[in-house]
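Chemist: Handing you this structure, nothing more for now.
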Amino acid sequence: MNSLLRQTPTFRKMLPPDVDHVILIERTIFLFPWSPVNFSDSINSGYHCQILEQDNTLFGYGVMTINVDEAHILTIGIAAEWQNKGWGKKLLNHFIQLAKQEYAKSMILDVRVSNHGAANLYRQIGFEKIGMRKGYYPAMCGREDAIVMRLIL
Ligand SMILES: CC(C)(COP(=O)(O)OP(=O)(O)OC[C@H]1O[C@@H](n2cnc3c(N)ncnc32)[C@H](O)[C@@H]1OP(=O)(O)O)[C@@H](O)C(=O)NCCC(=O)NCCS
């Protein structure tokens, strides 16, 4: 399609029929992907599940919970061919706006110590390291630590 005719990418709620597409992306960008049930349960539990799409092509997604006044990003992903174009930053900023609308005062997330790209994105937005979770993630050889990061909203 001619790029001039393309719609501007938009955010919307993730719906149950989106899960099949989300999973296709999830399995290409994560070594230890969420299962379809993880996403379906998140939708059914009323978590903030959002997708980014252009011309009905889903290319980004994320899941956030809010407990009292603290938001928690559970996962965030951008399809490989859409990465490094600013969409991850836009998606995270979208969640920040949603969290503020719900009166959250802070946002927490975990990132693998080896995931320098994601950690750079979080630092760029203003997240700061507040702790570590030893052996939090499965890894190819044993377990991997998580850095816990927080943004004051
Ligand atoms: C992490 C992820 C969501 C970032 O989305 P993205 O669209 O690729 O990132 P953006 O283009 O918005 O990048 C914004 C900033 O993040 C940082 N960044 C993103 N990818 C990076 C990389 N591979 N290496 C270094 N810095 C990176 C940079 O600071 C960048 O700013 P700059 O362009 O001014 O240098 C995306 O790469 C992804 O889905 N990765 C696989 C899944 C994943 O790791 N999810 C996060 C789990 S905690």
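All residue numbers for the sequence shown refer to the working numbering, where the first residue is 237 and numbers rise by one. C-beta: ideal position from N, C-alpha, C; glycine also. As the structure is a computational prediction, the values presented were derived from the model and not from experiment.
1. Report the residue ranges of all beta strand (DSSP E) runs contained in full by the segment 324-387; include only those spanning at least 3 residues, in chain order.
2. Since I believe Ala355 is in contact with Ile302 (beta carbons under 8 Å), could you give me their beta-carbon distance rounded to a whole number of angstroms?
3. Where does Val299 sit, in a helix, a strand or coil, going by DSSP?
4. Under 8 Å from any heavy atom of ligand 1, does the C-beta of Gln333 make it?
5. Once DSSP output is grouped into helix, strand and coil, what is the label at Phe266?
6. Taking the Cβ atom as the reference point for each residue, do Leu387 and Ile332 lie within a distance shorter than 9 Å?
7. Nearest-angstrom Cα distance between Thr293 and Gly313?
8. I need the DSSP call for Ala316, collapsed to helix, strand or coil.
9. What is the DSSP secondary structure of Leu389, counted as helix, strand or coil?
10. My assumption, with CB atoms under 8 Å, is that Met368 sits in contact with Leu334. Please give the rounded CB distance.
11. Residues bridged to Thr244 by DSSP?
12. Give me whichever residues DSSP pairs with His308 in a beta bridge.
Modeler: In brief:
1. Every beta strand (DSSP E) of 3 residues or more that sits fully in the segment 324-387 is shown, in chain order, as 342-348, 364-375.
2. The residue labelled residue 302 in the question sits at position 66 within the sequence shown. The residue labelled residue 355 in the question sits at position 119 within the sequence shown. About 23 Å separates the Cβ atoms of Ile302 and Ala355, ruling out a contact at the 8 Å cut-off.
3. Here residue 299 refers to the residue found at position 63 when the sequence shown is read from its first residue. Three-state DSSP puts Val299 in a strand.
4. As a working note, residue 333 is residue 97 in the sequence shown. Gln333: no, Cβ never under 8 Å from ligand 1.
5. Translated into positions along the sequence shown, residue 266 becomes position 30. In the structure shown, Phe266 falls within a coil segment according to DSSP collapsed to helix, strand and coil.
6. Reading the sequence shown from its first residue, position 151 is the one you call residue 387. Reading the sequence shown from its first residue, position 96 is the one you call residue 332. Taking 9 Å as the Cβ cut-off, Leu387 and Ile332 qualify as a contacting pair.
7. Taking the first residue of the sequence shown as 1, we reach residue 293 at position 57. Taking the first residue of the sequence shown as 1, we reach residue 313 at position 77. Distance between the alpha carbons of Thr293 and Gly313 is about 14 Å.
8. Position 80 of the sequence shown, counting from 1, holds the residue named residue 316. Here Ala316 sits in helix by DSSP.
9. Locating residue 389 in the sequence shown gives position 153, counting from the first residue. Under the three-state reduction of DSSP, Leu389 is assigned to coil, being neither helix nor strand.
10. Along the sequence shown, read from residue 1 onward, the residue named residue 368 stands at position 132. Along the sequence shown, read from residue 1 onward, the residue named residue 334 stands at position 98. So it is not a contact: roughly 27 Å between Cβ atoms.
11. Residue mapping note: residue 244 aligns to position 8 of the sequence shown, counting from 1. Paired residues: none, contrary to the question.
12. Numbered from its first residue, the sequence shown carries residue 308 at position 72. Secondary-structure assignment with DSSP links His308 through a beta bridge to Thr301, Ile344.
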